[in-house]
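Before any comments, here is the structure.
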Amino acid sequence: MTDQDVRRRARGRPVATSHAEIEQAAFELFGERGFERTTLDAIAERVGVGRRTLFRYYQSKNDIPWGQFDQTLAGFRKLLAAQPHEIPLHDAVHRAVVDFNRFPDNARPSHRDRMRLILTTPELRAHSVHQYAAWRAAIAEYVARRTNARPSDLVPRLIGQVSLALALTAYEVWLDDESADLPGVLDEGMSNLVRYLCPT
């Protein structure tokens, strides 16, 4: 289906130009057909746009569950940069990671549905390597600035890796327990690690 075909069939209905609308349509189809059996053509048809229009928003089907990741990552960098310089480094990273993972309950698709799909779909788990690397790099760069090091040095890299491991573990716990609070699980996990490494 071409963009012209869609416009003709829509009889003047405005063509969708929203990341959110594409994500909502995609998740509806993922729920109906499964991720593997959902095609980009099907998503485009559900939204009411052509395939070329869809590609202006997402380069691949694997990118859709991640939403506007570049903007999200930029927001995370801002959270890190906004942490008071006088607080300990581990507290700064702790606060930023917890705050970054606060999402409105009325988000559509829900954050729980989004992350369940990402963490349980083999194709998406493999694709997520790129997003995880960028997220770790944001932490490593922040730690490097705070410690007068390079992002490629051991400590910045280590803190990035450990923070990601904690976040993914918290997500697994949260997805297994419908009553769990994600920021609360993250806060508990990061606090427990600090107590383990620095016992009083």
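Using UniProt numbering, the first residue of the sequence shown is number 1, and each one after it goes up by one.
Even glycine gets a Cβ: it sits at the ideal position worked out from N, Cα and C.
task: Using beta-carbon positions only, say whether G160 and R125 come within less than 8 Å of one another.
output: For the purposes of this step, residue 160 is taken as residue 160 along the sequence shown, with counting starting at 1. For the purposes of this step, residue 125 is taken as residue 125 along the sequence shown, with counting starting at 1. Contact: no.
query: For the alpha helix (DSSP H) that contains D105, what are its first and last residues?
result: Taking the sequence shown and counting its residues from 1, the one referred to as residue 105 is at position 105. Here D105 belongs to no alpha helix (DSSP H), and DSSP marks it neither H nor E.
query: Mapping DSSP to helix, strand and coil, what is residue 201?
result: The question about residue 201 has no answer, for the chain in this structure spans 1 to 200.
- prompt: alpha helix (DSSP H) containing W135: first to last residue?
  reply: In the sequence shown, residue 135 corresponds to position 135, counting from 1. Its alpha helix (DSSP H) spans residues P122 to T147.
- request: Can you say whether A92 is buried or exposed, counting buried as having 16 or more other CB atoms within 10 angstroms of its CB?
  value: Here residue 92 refers to the residue found at position 92 of the sequence shown. Label assigned to A92: buried.
Own chain residues within Cβ distance below 6 Å of R157, not counting five before or after: The residue labelled residue 157 in the question sits at position 157 within the sequence shown. So the qualifying residues of the chain are A140.
query: Where do the N-terminal and C-terminal ends of the alpha helix (DSSP H) with D64 fall, by residue?
result: In the sequence shown, the residue the question calls residue 64 occupies position 64. The sequence given here has Ile at residue 64, not Asp. No alpha helix (DSSP H) contains I64, which DSSP labels as neither H nor E.
- prompt: Curious, which full-length alpha helix (DSSP H) runs of at least 4 residues does the stretch 27–55 contain?
  reply: 40–47
field: Distance between Y142 and residue 217 (C-alpha atoms, nearest Å)
entry: The structure shown does not extend to residue 217, since the chain spans only 1 to 200, so no value can be given for it.
- prompt: According to the neighbour-count rule (16 or more other Cβ atoms, all chains shown, within 10 Å of its Cβ), is R195 buried or exposed?
  reply: By 1-based counting over the sequence shown, the position of residue 195 is 195. Result: exposed.
Which of helix, strand or coil DSSP assigns to A82: Locating residue 82 in the sequence shown gives position 82, where the first residue counts as 1. Note: A82 maps to coil in three-state DSSP.
- prompt: For D176, does the three-state DSSP call read helix, strand or coil?
  reply: Position 176 of the sequence shown, counting from 1, holds the residue named residue 176. Three-state result, D176: helix.
message: Short of 6 Å in beta carbon distance, which residues of its chain neighbour Y58, apart from the five on each side in sequence? Order them along the chain.
response: Position 58 of the sequence shown holds residue 58. The residues are I64.
- request: For Q59, name the three-state secondary structure that DSSP assigns.
  value: As a first step, residue 59 is located in the sequence shown; it is residue number 59 there, counting from the start. If DSSP states are grouped into helix, strand and coil, Q59 belongs with coil.
task: Can you give me the Cβ contacts of L175 inside the same chain, cut-off strictly under 6 Å, excluding the 5 residues immediately before and after it?
output: Numbered from its first residue, the sequence shown carries residue 175 at position 175. Closer than 6 Å at the Cβ level, and outside the excluded window around L175, lie R116.
Reduced DSSP secondary structure (H/G/I, E/B, other) of S191: Position 191 of the sequence shown holds residue 191. If DSSP states are grouped into helix, strand and coil, S191 belongs with the helices.
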